[in-house]
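The block underneath contains the structure these notes are about, expressed in structure tokens.
Residue numbers (full-length UniProt numbering), protein chains in the order written: chain A, 1 to 351; chain B, 1 to 342.
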């Protein structure tokens, strides 16, 4: 039973690990393979700061909120373990700032110590009159993806560095199930007009005196289009760009200026920070995450694809819940294949 | 009469901040010189993490301590919010104070001065299985050497002269200075023979663990993790009457183990450096005037020492009071000089 995961960002690798964890003992002939043309540190996930935080509103999508919760709790379980540092996992506290009162988010009881900001705290942020404080998690992909890769390699999962051109290509090589974790480029395997790039750009600086994340919100212009500052274990990420429909992966001087000026206005001490790197990436935005089975072909040559893409700007936040959901879908497929094969065997006997 | 000549003795946090406040409050009316045997990074202040979490002085009314803390917090809050913050080494940090004993978890007098003070939730306490209660808040941290160096820079900009000099006896300054401000910390024991002043030895580790963003402090005051700009301070010890300045390896291991039990990821900390400081402890800070005289000569003294474990938390407040006492001394000198003219 050969399972191929296409994509080696946070979604692909975590889905592969979850599948291996769940099934390798139950399905001894399970062979897991990962195909990707980009590996860490060149994936979209690597560019993200790594803060666990869903969007402000779940738009009634309870499923996604549950996946977010499952991810947070899964990571929390690793926090006090010796693995945490290697995973790039640590607690971080910080601020979400608004220009007017807003309803509490769906995740207020998932994060730790969620509360409103006091008037004194708001003095720190002129121009913002309302906000939240909470403690959340950071999961830095430039550590997490290698950690996942090492675990997978230790378990004998094979990696193939190449671009997969079609699902058919996989099936013709004897792959039984494809897990499609191709993020923004899923459209190249199967057109999906719902999947659109939401381009982001970030500036990485050295600012070790910043210990809190600060995310500002402009309810009119939308998520992540307002300045944010997220301190990592080594560098601090400055951002605030969210451009729908923009496929350009090159850094823009205009965006740089916008990020720099707005972040320095938010946190004057950043003016003295040394710029270390600049990066642009395409969030794989979709109205909902595509997490579902699809049968390709028919009759005897029916093969299965499990789609797991379209996580927008919350891939790290939701990844483990989705990995488990994808693994459940695979479980259904494996169950069906078992039943089918027993049926075929019993048919043989009656002949 | 000529402008009064003021000498501040001591270049730790108290000496530097007091000299600065005197200069700010008395511009142009006196000359100020700072004298010290040691400077940053070799002062007691450099060993401390510089967290703004007050220590309670049994001999000082609470409202006075609260006022000192409030002045200090307000002053540093403004710096932390400005472009100077990184140079001054002042930054906000959030975290938790945790207790094994519910009776210890009282609301402290400073809870409304720090930011966002509240009890920890059950979910937050899960990270600390051996502790049953806790308090979460956001406060400020002054990293040394940066803060001390920034103070020195401000002093020079205010025309304060800074000299390296060991003062063996305050009286030796009587011919060169009119007013001496004694900010010698633990050195005051020897310098002025104050038997009420005693060291409480503290050993700390400074480690490289930049993923630690929150502080953790055990309510017993002995175990703490304070993330700074370039290192995390792990502590500590409170050894009364110990004058030993050399690090103890057994203590190092004990501190490390205690901190790792609160924050297991510290096992991966690198570049462990050990430091020792002697907290200049006293039941209350000695903030008072004294007149030394021999023969016909006089020397006016203002004492500002004995801040123990709480120097950072109250430094601006006690500097303010010391500066007022200096003003009183100046007024007294001008009064007696005009009487002399009559």
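Glycine included, each C-beta is placed from N, C-alpha and C at the ideal position. This structure is a prediction, so every number in the text was calculated from the model and none was measured.
Suppose you measure from the CA of residue 232/B to the CA of residue 273/B; what does that come to, to the nearest Å?
For the purposes of this step, residue 232/B is identified with residue 232 of the second chain, where counting begins at 1. For the purposes of this step, residue 273/B is identified with residue 273 of the second chain, where counting begins at 1. Roughly 10 Å between the two C-alpha positions.
Taking all protein chains shown into account, decide if residue 285/A is buried (16 or more other Cβ within 10 angstroms of its Cβ) or exposed.
Taking the first chain and counting its residues from 1, the one referred to as residue 285/A is at position 285. Buried, since its Cβ has 16 or more Cβ neighbours within 10 Å.
Looking only at DSSP bridge pairs, what is residue 35/B linked to?
Residue mapping note: residue 35/B aligns to position 35 of the second chain, counting from 1. Per DSSP, 9/B, 163/B.
Do the CB positions of residue 10/A and residue 45/A come within less than 8 Å of each other?
The residue you call residue 10/A lines up with position 10 of the first chain. The residue you call residue 45/A lines up with position 45 of the first chain. Yes, these two residues count as a Cβ contact at 8 Å.
Could you work out which residue in 125/A, 194/A, 94/A, 139/A is closest to residue 74/A when comparing CA atoms only?
As a working mapping, residue 74/A is identified with position 74 in the first chain. The candidate whose alpha carbon is nearest that of residue 74/A is 139/A.
So, residue 313/B versus residue 109/B, is the Cβ gap smaller than 8 Å?
Numbered from its first residue, the second chain carries residue 313/B at position 313. Numbered from its first residue, the second chain carries residue 109/B at position 109. No.
Under the rule that 16 or more other beta-carbon atoms within 10 Å means buried, what is residue 232/A, buried or exposed?
The residue you call residue 232/A lines up with position 232 of the first chain. So residue 232/A ends up on the buried side.
Which residues DSSP lists as bridging residue 308/A, in chain order:
In the first chain, the residue the question calls residue 308/A occupies position 308. In DSSP, residue 308/A forms a bridge with 291/A.
Top-ranked residue by Cα proximity to residue 23/B, from 336/B, 332/B, 326/B
Taking the first residue of the second chain as 1, we reach residue 23/B at position 23. For residue 23/B, the nearest C-alpha among the options comes from 326/B.
Measuring CB to CB, does residue 256/B end up less than 8 Å from residue 234/B?
If you number the second chain from 1, residue 256/B lands on position 256. If you number the second chain from 1, residue 234/B lands on position 234. Yes, Cβ-Cβ distance for residue 256/B and residue 234/B is below 8 Å.
For residue 212/A, which residues in chain B fall below 7 Å Cβ to Cβ?
Walking along the first chain from the start, residue 212/A turns up at place 212. Simply 92, 94.
To the nearest angstrom, how far is it from the Cα of residue 302/A to the Cα of residue 211/A?
Position 302 of the first chain, counting from 1, holds the residue named residue 302/A. Position 211 of the first chain, counting from 1, holds the residue named residue 211/A. The straight-line gap from Cα to Cα measures roughly 53 Å.
So, is the C-beta of residue 233/A closer than 8 Å to a C-beta in chain B?
As a first step, residue 233/A must be located in the first chain, where it is residue number 233. Yes, residue 233/A counts as interfacial toward chain B.
I want to verify the contact list: residues of chain A whose CB lies under 8 Å from the CB of residue 85/B, in sequence order.
As a position in the second chain, residue 85/B is number 85, starting the count at 1. The contacting residues are 209, 268, 269.
Within the stretch 111-165 of chain B, ranges of the alpha helix (DSSP H) (whole runs, at least 4 residues)
122-125, 146-157
Looking at the strands, I want to know which residues DSSP matches up with residue 197/A.
Numbered from 1 along the first chain, position 197 holds the residue referred to as residue 197/A. Beta-bridge pairing links residue 197/A to 284/A.
Bridge-paired residues (DSSP) for residue 273/B
Your numbering for residue 273/B matches position 273 in the second chain. Paired residues: 206/B.
Check whether the Cβ atoms of residue 113/A and residue 121/B lie closer than 8 Å to each other.
Locating residue 113/A in the first chain gives position 113, where the first residue counts as 1. Locating residue 121/B in the second chain gives position 121, where the first residue counts as 1. Cβ distance < 8 Å, so residue 113/A and residue 121/B count as in contact.
Nearest-angstrom Cα separation, counted from residue 282/A out to residue 218/A
The residue given as residue 218/A occupies position 218 in the first chain. The residue given as residue 282/A occupies position 282 in the first chain. The straight-line gap from Cα to Cα measures roughly 21 Å.
Who are the near neighbours of residue 351/A in its chain, counting only those whose CB is closer than 8 Å to its CB and skipping five residues on each side?
The count along the first chain starts at 1 and reaches residue 351/A at position 351. Legend: pLDDT at residue 351/A = 43, less than 50; position of this residue unreliable, no value from coordinates given.
Could you tell me the distance, in whole angstroms, from the CA atom of residue 94/A to the CA atom of residue 25/B?
Residue mapping note: residue 94/A aligns to position 94 of the first chain, counting from 1. Residue mapping note: residue 25/B aligns to position 25 of the second chain, counting from 1. So the two alpha carbons sit approximately 37 Å from each other.
Would you please state the rounded distance, in angstroms, between the beta carbons of residue 177/A and residue 333/A? I believe it to be under 8 Å.
As a first step, residue 177/A is located in the first chain; it is residue number 177 there, counting from the start. As a first step, residue 333/A is located in the first chain; it is residue number 333 there, counting from the start. That pair is a contact at about 6 Å.
Can residue 74/B and residue 65/B be called in contact, C-beta distance under 8 Å?
To locate residue 74/B, count along the second chain from 1; it is residue 74. To locate residue 65/B, count along the second chain from 1; it is residue 65. Cβ atoms of residue 74/B and residue 65/B: not closer than 8 Å.
Counting contacts by CB-CB distance shorter than 8 Å, is residue 342/B in contact with chain A?
Here residue 342/B corresponds to residue number 342 of the second chain, with the count starting at 1. Note that residue 342/B has pLDDT 48, beneath the 50 cutoff, so the model's placement of it is unreliable and the number below is only indicative. No, residue 342/B does not count as interfacial toward chain A.
Near-chain A residues of the stretch 139-155 of chain B - C-beta to any C-beta below 7 Å
none
Take the Cβ of residue 87/A as the centre, count every other Cβ of all protein chains shown within 10 Å, and call the residue buried at 16 or more, exposed below.
Residue mapping note: residue 87/A aligns to position 87 of the first chain, counting from 1. Buried is the call here.
Which residue spans inside the stretch 12-61 of chain A form an unbroken alpha helix (DSSP H) run of at least 4?
44-47
Return the first residue and the last residue of the beta strand (DSSP E) that residue 218/B is part of.
For the purposes of this step, residue 218/B is taken as residue 218 along the second chain, with counting starting at 1. 215-218 is the span of the beta strand (DSSP E), which, as asked, contains residue 218/B.
Where the alpha helix (DSSP H) through residue 111/A begins and ends:
By 1-based counting over the first chain, the position of residue 111/A is 111. Taken as a continuous stretch (DSSP letters only), residue 111/A belongs to no alpha helix (DSSP H), as it is neither H nor E.
Taking Cβ to Cβ, would you say residue 179/A is nearer than 8 Å to residue 3/A?
Within the first chain, the letter at position 179 stands for residue 179/A. Within the first chain, the letter at position 3 stands for residue 3/A. Yes, the Cβ-Cβ distance between residue 179/A and residue 3/A is below 8 Å.
Taking the continuous alpha helix (DSSP H) assigned at residue 68/B, which residues delimit it?
Counting from one through the second chain, the residue named residue 68/B turns up at place 68. 62-80 is the span of the alpha helix (DSSP H), which, as asked, contains residue 68/B.
Among 329/B, 268/B, 336/B, which residue has its Cα nearest to the Cα of residue 82/A?
If you number the first chain from 1, residue 82/A lands on position 82. Ranking 329/B, 268/B, 336/B by Cα distance to residue 82/A puts 268/B first.
Any beta carbon from chain B within less than 8 Å of residue 118/A's own beta carbon?
Here residue 118/A refers to the residue found at position 118 of the first chain. So yes, residue 118/A belongs to the interface.
Chain B partners of residue 81/A, CB-CB under 8 Å?
Taking the first residue of the first chain as 1, we reach residue 81/A at position 81. Those within 8 Å of residue 81/A in chain B are 264.
On the CB-based measure, 16 or more other CB atoms within 10 Å of its CB, does residue 186/B come out buried or exposed?
Here residue 186/B corresponds to residue number 186 of the second chain, with the count starting at 1. Residue 186/B is buried by the Cβ-count criterion.
Within the 8 Å Cβ cut-off, does residue 271/B reach chain A?
Stepping through the second chain from its first residue, residue 271/B is reached at position 271. So no, residue 271/B is outside the interface.
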